[in-house]
Amino acid sequence: MPEFAAHLWLGLTVAAAPTNLAFCCVGALLGTIVGILPGIGAVATVAMLLPMTFGLPPSGALIMLAGIYYGAQYGGSTTAILFNIPGEPTAIPSALDGHQLARRGRAGPALFIAALGSFVGGTVATFLVAALAAPLALAALLFGPMEYVSLMVLGLIMAVMMAPTPMLNGAAAVLCGLLLSTVGLDLESGLPRMTLGVGGLETGIGFVSLATGLFGFAEILRILRDRPVPTPETGPTGRPIPSRADLREAAPAIGRGTAVGAVVGLLPGSGALTASFAAYALEKAISRDPARFGRGSPRGLAAAESANNAAAQTSFIPMLSLGIPPNAIMAMMIGALALHGIVPGPRIVAEQPELFWGLIASMWIGNVLLLVLNLPLVGLWIRLLRAPRHLLYPAILVFCCVGILGVRGSALDVVAAAAFGVAGDWMRRHDLPSGPLLLAFVLGPMLEDNLRRAVIVARGEIANVADRPLSVILLALAAGLLVAAAFRR
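Heads up, the sequence shown is in our numbering, so the first residue is 602 and it goes up one at a time.
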């Protein structure tokens, strides 16, 4: 324990140095802005800034890039709650209940709960990174291709359970998402598939186009169709601070969401995205009144926000301890370290203690900065809802289109987003959920890749799955959840 305290003190002295503190502030602020603006994304931002880190000290470079990552998790919920446009994919579950709260005039409490959940999830997960980095990273080595297939199947089952619609509708949305994920080049042969002869689809459907269309454009179409009034769709803004009842309801959900996110963040793939969906599905499954979810439940919002921030922090564990990047952002972090001649792995704690503990301490400082930054801005975001509709929604459309074009520079992506907007509006009117579709679209390529590897390892024999006990447990859990949900409904 004294040694652990000494390490934390070392980290605080490194992170509190004026230059590193400035890098932390810049990263957290830039990440918040990136999270608020749909289409830019933390991945693209880190990729653009990566060459610029060559001239920076290693600790400062990593602190700034990390701040962009977890700052984007904070900012992504803002537009999701106010306008049903997730700034980051991880904010999709937050939009389900957060935007419904905003429409009922409770945007302030929703933003407050989101910021509080993000802070608690990030802070607790950072402590886990400090205390359990080495032992927990070894658990990730137990996962092979079959285990990842089973984990993703479990995630898709959770997505079906999460949907505030009949289970058959949720399953149909998941299947549509998996089909859309197959558009593009075949992973093995490299030949085009499902492109309908359109050359621009050979690179696949852009995630930003699909997400912005299904959520952002579809929401604007709904408002224009259902409420032809001169103000945005929201009730009286009311008090910006949540009530005691809201906090009592959200507190246990924040704890459970933090636990889910801390575990899922260790695993390769879209950890924070999967964590937010899994935490949301868990809250809905154990709730005595699951019908409230998707209609403005503080529990759903709190669980999703705490989970995605916890996962963002614990994803540093396999990257630092084993040199295994669990997602694209962590792969870029390894690239940033490589620029400075540092190889992450089991010896980094002993050989680079200032870097390791300085990064951990900077996460605590960054979470405090983000809380201080986000809570005072709640009133500003609420006032944004009062802007005239004829100015607000065209501006949102312009920002969305600029974000879509900024990803791949293709006008076809903007056309696709418009088409998905019409489709999303139709889905909403016919009780088909968009969230499970989007999760299936994200997991589809990873599911296909790992399934092919699993088939090769098993030599085509399905019975060999029985030799992977962890995979059997995950599949049994998925089947149990599906059966329990069917009987419950």
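C-beta: ideal position from N, C-alpha, C; glycine also.
By the neighbour-count criterion, in which 16 or more other beta carbons inside 10 Å mark a residue as buried, ILE887 falls on the exposed side. The shortest CA-to-CA distance from LEU786 to any of PRO1046, ALA667, ALA1019 is the one to PRO1046.
Here the C-alpha atom of ILE664 lies approximately 13 angstroms from the C-alpha atom of MET933.
A distance below 8 angstroms separates the beta carbons of ALA913 and GLN674.
For the pair LEU802 and THR796, the Cα-to-Cα distance works out to about 5 angstroms.
By the beta-carbon neighbour count (other beta carbons within 10 angstroms, threshold 16), ASP1032 is exposed.
The stretch 896-913 makes contact with the stretch 842-859, as at least three CB pairs between them are under 8 angstroms.
Considering only PHE808, GLY756, LEU769, the residue with the shortest C-alpha distance to ALA1079 is GLY756. 8 angstroms or more divides the Cβ of SER782 from the Cβ of ASN910.
In the DSSP annotation of this structure, the continuous segment of the alpha helix (DSSP H) that includes THR679 starts and ends at 659-684. The DSSP assignment places 899-915, 917-923, 929-940, 949-952 as complete runs of the alpha helix (DSSP H) inside the stretch 874-961, in order along the chain (cut-off: 4 residues). Taking the Cα positions, ILE806 is about 12 angstroms away from LEU779. For the options ALA662, THR724, ALA606, VAL730, the alpha carbon positioned closest to that of LEU921 is the one of VAL730.
About 3 angstroms separates the beta carbon of GLY1022 from that of PHE818, a gap short enough to meet the 8 angstroms contact definition.
With fewer than 16 other beta carbons inside 10 angstroms of its own, PRO1070 counts as exposed.
Taking a 10 Å sphere around the C-beta of LEU683, we find 16 or more other C-beta atoms and assign the residue as buried.
Here ASP1068 is exposed, its C-beta having fewer than 16 other C-beta atoms within 10 Å.
For GLY1022, the uninterrupted alpha helix (DSSP H) segment begins and ends at 1012-1030. Approximately 16 angstroms separates the beta-carbon atoms of PHE808 and VAL1016; this is outside 8 angstroms, ruling out the contact. According to the DSSP assignment, GLU789 belongs to no alpha helix (DSSP H), since it is labelled neither H nor E. Contact check for ALA681 against SER695 passes: the beta carbons are separated by less than 8 angstroms.
A residue is called buried when at least 16 other Cβ atoms come within 10 angstroms of its Cβ; VAL647 meets this threshold and is buried. In this structure, LEU650 keeps its C-beta atom at 8 angstroms or more from the C-beta atom of LEU630. For ASP698, the enclosing alpha helix (DSSP H) starts and ends at 693-704. Within the same chain, and ignoring the five residues on either side of ALA1059 in sequence, the residues whose Cβ sits closer than 8 angstroms to its Cβ are MET747, ASN1065, VAL1066. Nearest Cα to GLY1036 within the set HIS941, ALA879, ASP1050: ALA879.
DSSP, read as helix, strand or coil, puts VAL799 in coil.
Boundaries of the alpha helix (DSSP H) harbouring ILE1057: 1036-1058, taken from the DSSP string. For THR804, no alpha helix (DSSP H) encloses it, and the DSSP letter there is neither H nor E. A distance below 6 angstroms between beta-carbons, with the five flanking residues on each side excluded, links ARG1054 to the following residues of its chain, in chain order: PRO746. ILE842 sits in coil when the DSSP states are folded into three classes, being neither helix nor strand. Between ALA1019 and GLY814, the CB-CB gap stays under 8 angstroms.
If you draw a 10 Å sphere on the C-beta of LEU788, you find fewer than 16 other C-beta atoms in it, and that means exposed.
Within the same chain, ASP787 come within 6 angstroms of ARG794 by CB-CB distance, once the 5 residues on both sides are set aside.
If you draw a straight line from the Cα of ARG1009 to the Cα of GLY800, it comes to about 14 angstroms.
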